[in-house]
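Asks: Questions regarding the structure given below will be posed in turn.
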Amino acid sequence: MALLNNLIEKLQWLPGIGRKTAQRLAFFLQKMEKARVQELADAIVRARTMLHECSICHNLSEHDPCEICRNGKRDTDRICVVEQPSDVMVIERTSEYRGTYHVLHGVISPIDNVGPDDLRIRALIERIKEHPVEEVIIATNPTTEGDVTALYIAKLLKPLGMSVTRIARGLPMGSDLDLADTTTLSRALEGRREL
Amino acid sequence: MPLIKIRYQGFRNLVDTELLFTDDFNFIIGDNGAGKTNLLEAIYYVGLASSFRAKEEKSLINRNCDYLRIDAEADGKNAAVYLDSSRKKLTLGGNDVQRLGDFIGWLGITLLSIEDIWLIRGSPARRRTFLDWMIAKLSPRYCSTLTEYKKIIRQRNRALHMANETGDRDVLDAFDEQMIQAGNDLYAMREEYMPRIKKHTTKSGTALGLKKLEVSYASSCHDMQIDRKMLEKVRMKEILRGHSLIGPHRDDLIFTLEGRRLQDFASEGEERSTAIALRLAEAEILYTQTGTRPIMLLDEVTAELDHERRDAVLELLSGQIFYASTQLPQFIDSLPGGYQVLRAKRGAFEISG
Ligand SMILES: Nc1ncnc2c1ncn2[C@@H]1O[C@H](COP(=O)(O)OP(=O)(O)OP(=O)(O)O)[C@@H](O)[C@H]1O
Ligand SMILES: [Mg+2]
Ligand SMILES: [Zn+2]
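Here the protein sequences line up with chains Y and H, keeping their order.
Residue 1 is where the first sequence starts when you use the numbering used here, and the numbers rise one by one after that.
Residue 196 is where the second sequence starts when you use the numbering used here, and the numbers rise one by one after that.
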């Protein structure tokens, strides 16, 4: 049982996985073909070891710069600031945004001991100082923390003289960008307003 | 709007069952610990998705159960509350409700309890809670703004600590902006309701024999408005203490009898009557705004009052009433309307009358 318990315990390291779910997953894995389990384990390890933060936009990618930053067809006059790499995926799915991104890897949340220096905010400022842009679109989630992070960034960017917009709060309250379907998101992008 | 039916499972010491109520007086009578307050609490919980006494919501779940569930039906509407150790679910007419504010209006409820004396004697937080609930029952927007505001204050207090450690004020500035926005929304709504609260409290105070009972709003911010300048003024103090020192979360209600502060001189009976006046004012405001009478939950309310005051309270009650007490009151014989008696014993109820 030690091996099984060990697995169950480790599965619980993942967010949203409690004891019961971990047990179910562990037993499920036992029933899977060994090759499939190997495939899964490899995928986890490969993704974790091969993915790095892009030195420009801080999105996760196996290349540096990432595919989006290297793509000559993207509009480099526009940066969309998001909380997580998953937000980039969501916005990319709308195929409506042609600019570049900047991934913060979190939001300001004093209760969780996350301040601006724990995020990629300074990197954003440096990036813009080096390559000025026309517009920064802040697309952090419409939560207390997302709003505060947006305000904080806007205040730092304003003196640099570009347009700073916030994605319109068309998203349902409390929902994360993650869950937004593509049409609401497109509408949100269109309706962004100056901060 | 009368509560017709309630069905509960796994709630405190109550034995799982379904109960039907009358539109008038429902007397809940039984010994100490029988489950009288628990039944009132179950009604309150399915109406407002909160408890008036549990510090930990999980303590509502029966010690031998994994979850609780309460279903209720009132005038063609039905609602349910479900709670287990990991989640809480609210439904209205079979549909999931995501936000508290969208739920709590479904059944008007006013609670009068023997504990209400703490509304007068206790800390300002008690009076703010009263005010917040009163308005939240009528305004989903107030409810959601309040939730947001509370979160902002929690974050901001931590940001004050951070500012103290790092000297960086920019994060704090961002929270200030949020606080000002949400705070002023709350202020505007409180200001809108205060005149009604004043009027009805004085009115029910008079009926209860309290001469010139007045309630007023004591704001930590001038004119019930918060702005950047005010925050600048207290900035150093706030950073040193690590607490947000002004705003709607620091305000209070002040009571006076004939111009003198109640807290300074009033007798216990007067304090109790004032608390009752305040609760009755709430019921009146709920009634005038929604057009339906809230149900009244009374927990040993009249126990400590003299005869005259007790009669006056009973006189002022209307709508559907749940009256919990260890003994059947004498006035039962002179009741004009109908009633039923629920005899409580070890969490079960035997209905008669
Ligand atoms: N989660 C729980 N599981 C089981 N029993 C509980 C739970 N919570 C409270 N109780 C029990 O419920 C009993 C009845 O409580 P309740 O407050 O309703 O009594 P009451 O009839 O109002 O009595 P009193 O006249 O003293 O006010 C208490 O004995 C208490 O121990
Ligand atoms: Mg009791
Ligand atoms: Zn990149």
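The C-beta atom is built at its ideal place from N, Cα and C for all residues, glycine as well.
Counting contacts by CB-CB distance shorter than 7 Å, is Gly115 (chain Y) in contact with chain H?
Replies: Taking the first sequence and counting its residues from 1, the one referred to as residue 115 (chain Y) is at position 115. Cβ-Cβ to chain H under 7 Å: yes for Gly115 (chain Y).
Asks: Here's the rule I'm using: 16 or more other beta-carbon atoms within 10 Å means buried, otherwise exposed. How should Thr483 (chain H) be labelled?
Replies: Numbered from its first residue, the second sequence carries residue 483 (chain H) at position 288. It is exposed - the Cβ of Thr483 (chain H) has fewer than 16 other Cβ atoms within 10 Å.
Asks: According to the Cβ coordinates, are Leu235 (chain H) and Leu492 (chain H) closer than 7 Å?
Replies: Walking along the second sequence from the start, residue 235 (chain H) turns up at place 40. Walking along the second sequence from the start, residue 492 (chain H) turns up at place 297. Yes, the pair counts as a contact, with Cβ atoms nearer than the cut-off.
Asks: Given the structure, does Lys540 (chain H) come close to ligand 2, in the sense that its CB is under 6 Å from one of the ligand's heavy atoms?
Replies: As a position in the second sequence, residue 540 (chain H) is number 345, starting the count at 1. False, no ligand heavy atom lies under 6 Å from that Cβ.
Asks: Kindly give me the distance between the Cβ atoms of Leu11 (chain Y) and Ala26 (chain Y), rounded to whole angstroms, as I take these residues to be in contact under 8 Å.
Replies: Position 11 of the first sequence holds residue 11 (chain Y). Position 26 of the first sequence holds residue 26 (chain Y). Contact holds; Cβ gap of about 6 Å.
Asks: List, from N- to C-terminal side, the beta strand (DSSP E) runs of 3 residues or more that fit wholly inside the region 271 to 337 of chain H.
Replies: Whole beta strand (DSSP E) segments, 3+ residues: 272 to 279, 283 to 287, 290 to 292 and 304 to 308.
Asks: In or out: Gln515 (chain H) buried (at least 16 other Cβ within 10 Å) or exposed?
Replies: Mapped onto the second sequence, residue 515 (chain H) falls at position 320. So Gln515 (chain H) ends up on the buried side.
Asks: Using a Cβ cut-off of 7 Å (strictly closer), state whether Glu433 (chain H) contacts chain Y.
Replies: Within the second sequence, the letter at position 238 stands for residue 433 (chain H). It does not; no Cβ of chain Y falls within 7 Å.
Asks: Going along the chain, which residues of the region 132 to 162 of chain Y sit with their C-beta nearer than 8 Å to a C-beta in chain H?
Replies: Going along the region 132 to 162 of chain Y in chain order, one finds Thr144, Glu145, Asp147, Val148, Thr149, Leu151, Tyr152, Lys155 and Leu156 with a Cβ nearer than 8 Å to chain H.
Asks: Which value, in whole angstroms, describes the spacing of the CA atoms of Arg541 (chain H) and Leu214 (chain H)?
Replies: Mapped onto the second sequence, residue 541 (chain H) falls at position 346. Mapped onto the second sequence, residue 214 (chain H) falls at position 19. Taking the straight line from one Cα to the other gives about 16 Å.
Asks: Unbroken beta strand (DSSP E) runs of length 3 or more, entirely within the region 144 to 170 of chain Y: which are they?
Replies: Those beta strand (DSSP E) runs which fall completely within the region 144 to 170 of chain Y and span 3+ residues are 163 to 166.
Asks: Can you tell which of H:Ile223, H:Ile471, H:Pro197 and H:Arg504 has the C-alpha that lies nearest to the C-alpha of Ala519 (chain H)?
Replies: Indexing the second sequence from 1 puts residue 519 (chain H) at position 324. That would be H:Ile223, whose Cα lies nearest to the Cα of Ala519 (chain H).
Asks: According to DSSP, simplified to helix, strand and coil, what is Asn208 (chain H)?
Replies: Residue numbering aside, residue 208 (chain H) sits at position 13 when the second sequence is read from its first letter. Of the three classes helix, strand and coil, the one that applies to Asn208 (chain H) here is coil, per DSSP.
Asks: Please find out if some non-hydrogen atom of ligand 1 comes closer than 6 Å to the beta-carbon of Ala229 (chain H).
Replies: The count along the second sequence starts at 1 and reaches residue 229 (chain H) at position 34. Under cutoff, so the answer is yes.
Asks: Which residues does DSSP list as the beta-bridge partners of Met162 (chain H)?
Replies: The question about residue 162 (chain H) has no answer, for chain H in this structure spans 196 to 548.
Asks: When you compare only the Cα positions, how much space is there between Met425 (chain H) and Asp311 (chain H)?
Replies: Against the second sequence, residue 425 (chain H) aligns to sequence position 230. Against the second sequence, residue 311 (chain H) aligns to sequence position 116. Those two C-alpha atoms are separated by around 34 Å.
Asks: Does at least one heavy atom of ligand 1 sit under 6 Å from the Cβ of Arg248 (chain H)?
Replies: Counting from 1 along the second sequence, the entry for residue 248 (chain H) is found at position 53. No, since every heavy atom of ligand 1 falls outside the 6 Å radius drawn around the Cβ of Arg248 (chain H).
Asks: Any heavy atom of ligand 3 within a distance shorter than 6 Å of the CB on Ile56 (chain Y)?
Replies: Taking the first sequence and counting its residues from 1, one reaches residue 56 (chain Y) at position 56. Answer for Ile56 (chain Y): yes, Cβ within range of ligand 3.
Asks: Considering only the beta carbon of each residue, do Gln204 (chain H) and Arg282 (chain H) sit closer than 7 Å?
Replies: As a first step, residue 204 (chain H) must be located in the second sequence, where it is residue number 9. As a first step, residue 282 (chain H) must be located in the second sequence, where it is residue number 87. Not a contact, by the Cβ cut-off of 7 Å.
Asks: Quick one, are the C-beta atoms of Cys57 (chain Y) and Cys69 (chain Y) less than 7 Å apart?
Replies: Residue 57 (chain Y) sits at position 57 when you count from the first residue of the first sequence. Residue 69 (chain Y) sits at position 69 when you count from the first residue of the first sequence. Against a cut-off of 7 Å, the Cβ pair of Cys69 (chain Y) and Cys57 (chain Y) comes out as a contact.
Asks: For ligand 1, any of its heavy atoms closer than 6 Å to the Cβ of Asn233 (chain H)?
Replies: Within the second sequence, numbered from 1, the residue matching residue 233 (chain H) stands at position 38. Indeed, a heavy atom of ligand 1 lies less than 6 Å from the Cβ.
Asks: Would a check of beta-carbon distances place Ile111 (chain Y) closer than 7 Å to chain H?
Replies: Against the first sequence, residue 111 (chain Y) aligns to sequence position 111. Yes, Ile111 (chain Y) counts as interfacial toward chain H.
Asks: Once you ignore the five residues that flank Gly230 (chain H) on each side, which residues in its own chain have a CB closer than 6 Å to its CB?
Replies: Position 35 of the second sequence, counting from 1, holds the residue named residue 230 (chain H). Same-chain partners within the cutoff: Asn208, Leu209, Ala539 and Gly542.
Asks: Taking Arg78 (chain Y) as part of the beta strand (DSSP E), name the residues at either end of that continuous run.
Replies: Start at 1 with the first residue of the first sequence, and residue 78 (chain Y) comes out as number 78. Segment Asp75 to Val82, the beta strand (DSSP E) holding Arg78 (chain Y).
Asks: Verify whether the separation of the beta carbon atoms of Glu453 (chain H) and Lys406 (chain H) is less than 7 Å.
Replies: Translated into positions along the second sequence, residue 453 (chain H) becomes position 258. Translated into positions along the second sequence, residue 406 (chain H) becomes position 211. The answer is yes: Cβ separation under 7 Å.
Asks: Please classify Gly174 (chain Y): does DSSP put it in a helix, a strand, or coil?
Replies: Residue numbering aside, residue 174 (chain Y) sits at position 174 when the first sequence is read from its first letter. The predicted model places Gly174 (chain Y) with a pLDDT of 42, which falls under 50 and marks its position as unreliable; any figure quoted below should be read in that light. If DSSP states are grouped into helix, strand and coil, Gly174 (chain Y) belongs with coil.
Asks: Can you determine whether any heavy atom of ligand 1 sits closer than 6 Å to the C-beta of Arg207 (chain H), and answer yes or no?
Replies: Counting from one through the second sequence, the residue named residue 207 (chain H) turns up at place 12. Yes.
Asks: Terminal residues of the continuous alpha helix (DSSP H) containing Asp380 (chain H)?
Replies: Residue mapping note: residue 380 (chain H) aligns to position 185 of the second sequence, counting from 1. Counting along the chain, the alpha helix (DSSP H) containing Asp380 (chain H) begins and ends at Asp365 to Ala402.
Asks: How would you write the range of the alpha helix (DSSP H) that Phe27 (chain Y) sits in, first residue to last?
Replies: As a position in the first sequence, residue 27 (chain Y) is number 27, starting the count at 1. Its alpha helix (DSSP H) spans residues Arg19 to Lys31.
Asks: According to DSSP, what are the bridge partners of His102 (chain Y)?
Replies: For the purposes of this step, residue 102 (chain Y) is taken as residue 102 along the first sequence, with counting starting at 1. According to DSSP, His102 (chain Y) bridges with Y:Val81.
Asks: Looking at the C-beta of Arg376 (chain H), does it have a partner C-beta in chain Y at a distance below 7 Å?
Replies: Along the second sequence, one-based indexing puts residue 376 (chain H) at 181. For the record, residue 376 (chain H) in the displayed sequence is Gln; it is not Arg. No, Gln376 (chain H) does not count as interfacial toward chain Y.
Asks: Count the other C-beta atoms from every protein chain shown that fall within 10 angstroms of the C-beta of Lys75 (chain Y), then say buried if there are 16 or more, exposed otherwise.
Replies: In the first sequence, residue 75 (chain Y) corresponds to position 75, counting from 1. Per the sequence presented here, residue 75 (chain Y) reads as Asp, with Lys not at that position. Answer is exposed; the Cβ neighbour count stays below 16.
Asks: Could you give the distance in angstroms between the alpha-carbon of Lys591 (chain H) and the alpha-carbon of Ile375 (chain H)?
Replies: Here chain H has residues from 196 to 548 only, and residue 591 (chain H) is not among them.
Asks: Is Glu463 (chain H) buried or exposed, if buried means 16 or more other CB atoms sit within 10 Å of its CB?
Replies: Residue mapping note: residue 463 (chain H) aligns to position 268 of the second sequence, counting from 1. Classification of Glu463 (chain H): exposed, given that the 10 Å Cβ count is below 16.
Asks: With distances taken between CB atoms, is the gap from Thr340 (chain H) to Ala377 (chain H) smaller than 7 Å?
Replies: Taking the first residue of the second sequence as 1, we reach residue 340 (chain H) at position 145. Taking the first residue of the second sequence as 1, we reach residue 377 (chain H) at position 182. Closer than 7 Å, so yes.
Asks: If the criterion is Cβ atoms closer than 7 Å, does the pair Ala331 (chain H) and His395 (chain H) meet it?
Replies: Within the second sequence, the letter at position 136 stands for residue 331 (chain H). Within the second sequence, the letter at position 200 stands for residue 395 (chain H). Their beta carbons are not under 7 Å apart, which means Ala331 (chain H) does not touch His395 (chain H) by this criterion.
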